[in-house]
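Asker:
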Amino acid sequence: MAILSNGKFYGFLCSVKETGQKLANGVKEYVEDFMSGFAGHGWKLWEYIKGKWMLEIDAIRVRGQFTIFELLVSKIRAIIGAQTITQGCGKIKTVGISEDGAAYLITLEDTDMSFMEHDFIRCQEFTGNQRLYHVEIESIVDGVIHIPVSEFESEVNEDGITFVTNPPMPGDDIVQFGNSSYEEQYAGRHSAIYMHADESGQPAIDVLDGIYTKDWSNCLKVRMGGDIPGTAGLKGFYCVNGMLKAVDEDGTILYQFNPDSSGFIAKGNIRWDKDGNGDIFNRAIYWDKGGFHFGSGVKLTWDNLDSETKENLKGEPGRDGNNGADGINGEDGTSLVYKGEFTSHPSNPQNGWYYRNISDKKTYVYQDNAWYVMTVDGSDGKDGLDGINGEDGKDGLDIVWKGDSSIPPANPQKNWVYRDTDNGRVYIYNGTAWALMVADGNDGIDGTDGKDGMRVYITYHDSEAEPAKPTGRGTSDGWHTDATNAVVWISQKVSESADSGEWGDPIRVKGEPGKDGQDANLLPWIEKWNGYATELGEEYIVTPKMFSGIKSSDGNLTGIVQGKECLTDKTTGEKRTGIFAVVDGEIVFELDPINKKYKFKGRVEVEEGSLSLANGKIVLREDGTGVLADNSIYWDEYGYLYQRSRPRVIWRSAVHEMDELGIHGRNPYNIDLRKGTYIETLTAYVGEPRYINLPNPSDVPGAILDINCRLGTRSFDVIGFKCQSASFMQTKSGSISAHSFVCLSPGSQGTITAVSTNDDSYWDISESFIDKE
939 MAILSNGKFY GFLCSVKETG QKLANGVKEY VEDFMSGFAG HGWKLWEYIK
989 GKWMLEIDAI RVRGQFTIFE LLVSKIRAII GAQTITQGCG KIKTVGISED
1039 GAAYLITLED TDMSFMEHDF IRCQEFTGNQ RLYHVEIESI VDGVIHIPVS
1089 EFESEVNEDG ITFVTNPPMP GDDIVQFGNS SYEEQYAGRH SAIYMHADES
1139 GQPAIDVLDG IYTKDWSNCL KVRMGGDIPG TAGLKGFYCV NGMLKAVDED
1189 GTILYQFNPD SSGFIAKGNI RWDKDGNGDI FNRAIYWDKG GFHFGSGVKL
1239 TWDNLDSETK ENLKGEPGRD GNNGADGING EDGTSLVYKG EFTSHPSNPQ
1289 NGWYYRNISD KKTYVYQDNA WYVMTVDGSD GKDGLDGING EDGKDGLDIV
1339 WKGDSSIPPA NPQKNWVYRD TDNGRVYIYN GTAWALMVAD GNDGIDGTDG
1389 KDGMRVYITY HDSEAEPAKP TGRGTSDGWH TDATNAVVWI SQKVSESADS
1439 GEWGDPIRVK GEPGKDGQDA NLLPWIEKWN GYATELGEEY IVTPKMFSGI
1489 KSSDGNLTGI VQGKECLTDK TTGEKRTGIF AVVDGEIVFE LDPINKKYKF
1539 KGRVEVEEGS LSLANGKIVL REDGTGVLAD NSIYWDEYGY LYQRSRPRVI
1589 WRSAVHEMDE LGIHGRNPYN IDLRKGTYIE TLTAYVGEPR YINLPNPSDV
1639 PGAILDINCR LGTRSFDVIG FKCQSASFMQ TKSGSISAHS FVCLSPGSQG
1689 TITAVSTNDD SYWDISESFI DKE
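Numbered by the working numbering, the letters in the sequence shown go through residues 939 to 1711 in order.
Structure, rendered in structure tokens:
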């Protein structure tokens, strides 16, 4: 069983990779893992111009019909000189003139027309004479290019006749450079790439853009190579309003230079803004218009201080001050007591109570039977960007506390510290002597009792215009003590009573509507996301998880799903990556490159060709015929079964094999029954006895060996047998050693039948006339 892992992104197909970072909502961030062109990688299906879609992959295989309405084949070429990449080029085939003589009519050798109306075309070549013209196409009708004669340079000869100095001619190579129209249908025809290797001795690659006229002075947007503009011929990289960005293999940004002159290096540890303000290591050191500063990240240790500074930091015991005169006893003041956070005023309040109201985000204080607004929460600011991790600080000074003692500790070591109980001072050992570190201060005398403290009084005003400063108790001229949502202004005073003291200037507590903020610095793919687009900019896309199918009422899926971690096994919880076909929640087809699982469950119909299994040893053909066991068994289209050979019995002659191998006399011949069955008549010739060495019975269990023998009458006309194994042979007269021979007497004739057994591995010799040698 499987379920769909829904990433809630749709409408595009592209190879991607993880950046290792997450978006604000916790979703993993992915970037496009695709590069177009000959040396590119990955795959992509995208809308390269409005209404036109392109698929770029490494290989394509079509088993059925393949229909192409337009085929453009790109080749890698080597040239001498310069190379231009634009939206159009061609070679002139014919040149005519219109009936009114106002326009040249040009056709091309190529059947594919790559030019459009309003294109600028340029011809520049030297074939003994300079040929150069840079003109605009007026129209293209039925494959014929119309260019006004007035577009070409002309001169007047001595007879007063005007003639074109460089008219178009058959064989001219013309190249498109830009288009004069701003209409949408001509978008994408205003750029070019110009690669040159020998111009001014400075090879470079130029990117031109915004070519709407014949003037290219402001069209150079990027140059990589030599003769950087404004550098007197230096080599490098030049870009107009461009970004320079470097990442490592994991996608981490190493450094970045932005078009507004801001940027950072060292993975963000050193950064600056467009105004030149910057910092190092999370503002450990920073600079701005006010100068150069050290931040909280800079630490000074005792060893870094010079002797004079250390001496100045040592305090001296202070002298006792004179006793002050007793003050007049004042009235007891009211202390502020924080009561916590509530949604409404606490019950049974007392003077000095204050709390924070979590409903209206205000802090109230209770005084003289009334609640007064003390503070108002400001609106939450936007979260700032996380700062980069600072470097580890230098090790601080190690202090070893030795406790209280009336005498210095014995055998001191550097940075030992103790407190002298006689004088209350703390000493540190600097490696050579005990130096004063801190000293206890003397206890001061008790001061006189103070009088009652001052109270805080607050009054409110609802006017949009700034009111006059309140007077008296603060309850006249529109001022009041009732804190409501209509309050715009407040005034405060600290005094002994509501009638005494002076009110402060009015403070506006209700802010005016703020100005629109600047656009947020969002990721490029978030800025361009429109809810359905398949291409989000040129650099970022969202992970391509796609499901096409239906979901039944009981939650089972039926359809096709593909992508990274697009399926989750309900039983094991394993996330699956690949391409899957699911029917009622069951996987019937899978291509899982991660787990190397490939599965197909269903019916296979082969209309053309054949189905081959086990490296061709099993073949099923489209006409109904087939073979098994490497052509040993086959059948025809009518269903008749054939066997190419009878059961394997090979008729062999031991005598012939012994003669071919030159085995004579008492040299035994090893019979290998796996190569076939020996059935023959053995004849021992004069002076030529034959000895047969039977195989190990355990190697050929159940084998039956029938040998017809006819021998001569001489004493050495014999045929003998023995066993190759260390087991034994058995006859009706008993058993003999495996390395002895069982022989027929001269002049004997008959048949020897030997049967190999399965259990004790011996040959059972069934004829009794065998004699022992």
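C-beta atoms are modelled at their ideal positions from N, C-alpha and C, and glycine is treated no differently. Keep in mind the model is a prediction, meaning the values are calculated, not measured.
For N1608, name the three-state secondary structure that DSSP assigns.
Answerer: Here N1608 sits in strand by DSSP.
Asker: Taking the alpha-carbon positions, what's the N1349 to L1243 distance?
Answerer: Roughly 26 Å between the two C-alpha positions.
Asker: Return helix, strand or coil for Y1120, following the three-state DSSP convention.
Answerer: DSSP places Y1120 in coil when its eight states are reduced to three.
Asker: Could you pull the start and end residues of the beta strand (DSSP E) that E956 belongs to?
Answerer: Taken as a continuous stretch (DSSP letters only), the beta strand (DSSP E) holding E956 covers V954 to K960.
Asker: Restricting to runs no shorter than 3 residues, where is the beta strand (DSSP E) found entirely within the region 1501-1563?
Answerer: You should have 1513-1521, 1524-1530, 1535-1538, 1548-1551 and 1556-1559.
Asker: Within a Cβ cutoff of 8 Å, which residues of the same chain sit near T1313, ignoring the five residues on either side of it in sequence?
Answerer: Same-chain partners within the cutoff: K1300 and T1301.
Asker: How is L951 classed by DSSP in three states: helix, strand or coil?
Answerer: Strand.
Asker: So, with DSSP's three-state summary, where would you put G1174?
Answerer: DSSP places G1174 in strand when its eight states are reduced to three.
Asker: For D1568, which residues of its own chain have a beta-carbon under 6 Å away from its beta-carbon, when the five flanking residues on both sides are left out?
Answerer: The answer, listed in chain order, is K1555.
Asker: What's the gap between the Cα of T1481 and the Cα of R1127?
Answerer: With a pLDDT of only 48 at T1481, under the threshold of 50, the placement of this residue in the model should not be trusted, and no figure is reported.
Asker: Keeping to the same chain, check which residues put their C-beta closer than 6 Å to that of C1177; ignore five residues upstream and five downstream.
Answerer: Hits under 6 Å: V1160.
Asker: Pull up the distance between the alpha-carbon of Q925 and that of L1172, whole angstroms please.
Answerer: Past the edges of the chain, shown from 939 to 1711, lies residue 925, and the structure says nothing about it.
Asker: So what's D1144 in DSSP terms, helix, strand or just coil?
Answerer: D1144: strand per DSSP, three-state reduction.
Asker: My output table needs one value for W1441: the three-state DSSP class, helix, strand or coil.
Answerer: Looking at W1441 - three-state DSSP - the assignment turns out to be coil, as it is neither helix nor strand.
Asker: Rounded to the nearest angstrom, what separates W1354 and P1346 at their Cα positions?
Answerer: In a straight line, the C-alpha of W1354 is about 10 Å away from that of P1346.
Asker: Does the Cβ of E1575 have 16 or more other Cβ atoms within 10 Å, making it buried, or fewer, making it exposed?
Answerer: Classification of E1575: exposed, given that the 10 Å Cβ count is below 16.
Asker: In whole angstroms, what separates the C-alpha of Y1607 from that of V1565?
Answerer: Looking at the two C-alpha atoms, the distance is approximately 39 Å.
Asker: Going straight from the alpha carbon of V1113 to that of S1052, what length do you get?
Answerer: Straight-line Cα distance between these residues: approximately 10 Å.
Asker: Quick one: Cα of K1029 to Cα of G980, how far?
Answerer: If I take the Cα positions, the gap works out to 35 Å.
Asker: Candidates D1522, G1449, L1529 and T1100: which alpha carbon is nearest D1492's?
Answerer: Nearest option by C-alpha distance: D1522.
Asker: Straight-line CA distance for S1678 to N1605?
Answerer: Any answer about S1678 is weak, because its pLDDT of 43 lies below 50 and its placement is not dependable; what the coordinates show is given next. Cα to Cα, S1678 sits roughly 13 Å from N1605.
Asker: Quick check: the Cα distance between W1291 and T1281, rounded to an integer number of angstroms?
Answerer: Looking at the two C-alpha atoms, the distance is approximately 15 Å.
Asker: When you compare only the Cα positions, how much space is there between M1133 and A1142?
Answerer: M1133 and A1142: Cα-Cα distance of roughly 6 Å.
Asker: Ends of the alpha helix (DSSP H) at T1247?
Answerer: It spans S1245 to L1251 - the alpha helix (DSSP H) in which T1247 sits, taken as one unbroken run.
Asker: Quick one: using the 10 Å Cβ neighbour count with 16 as the cut-off for buried, is D1097 buried or exposed?
Answerer: So D1097 counts as exposed.
Asker: Measure from the alpha carbon of I1396 to the alpha carbon of each residue in A1406, I1630, T1032 and G1412, then state which is nearest.
Answerer: Closest by alpha carbon: G1412.
Asker: Would you decide whether N1220 is buried or exposed? Buried here means 16 or more other CB atoms lie within 10 Å of its CB.
Answerer: Buried, by the Cβ-count rule.
Asker: Assess, as a yes-or-no matter, whether the region 1074-1091 is touched by the region 1022-1042 under the definition of 3 or more beta carbon pairs within less than 8 Å.
Answerer: They touch, by the three-pair rule.
Asker: For S1200, which three-state DSSP category applies?
Answerer: Coil at S1200, not helix or strand.
Asker: If contact is defined by three or more beta carbon pairs under 8 Å, each pair taking one atom from either stretch, is the region 992-1002 in contact with the region 966-983?
Answerer: With a cut-off of 8 Å, the region 992-1002 and the region 966-983 count as touching, because enough Cβ pairs lie within range.
Asker: Once the 5 residues before and after N1179 are set aside, which same chain residues still bring their CB inside 7 Å of it?
Answerer: Within the same chain, N1179 has close Cβ partners P1197.
Asker: Are there 16 or more other CB atoms within 10 angstroms of the CB of Q1003, so buried, or fewer, so exposed?
Answerer: Q1003 comes out exposed.
Asker: Sorted by chain position, which residues of the same chain lie with C-beta nearer than 7 Å to I1464's C-beta, five sequence neighbours on each side aside?
Answerer: Residue placement at I1464 cannot be trusted, given a pLDDT of 47 that sits under 50; what the coordinates show is reported in the next sentence. For I1464, where only same-chain residues beyond five positions count, there are no Cβ hits under 7 Å.
Asker: So T1103 and V1094 are supposed to be a Cβ contact under 8 Å. How far apart are they, rounded?
Answerer: Actually they do not touch by this definition, with Cβ atoms about 11 Å apart.
Asker: Going by C-alpha to C-alpha distance, which of P1444, W1240 and S1550 sits closest to K1431?
Answerer: If we check each option's Cα against that of K1431, P1444 comes out closest.
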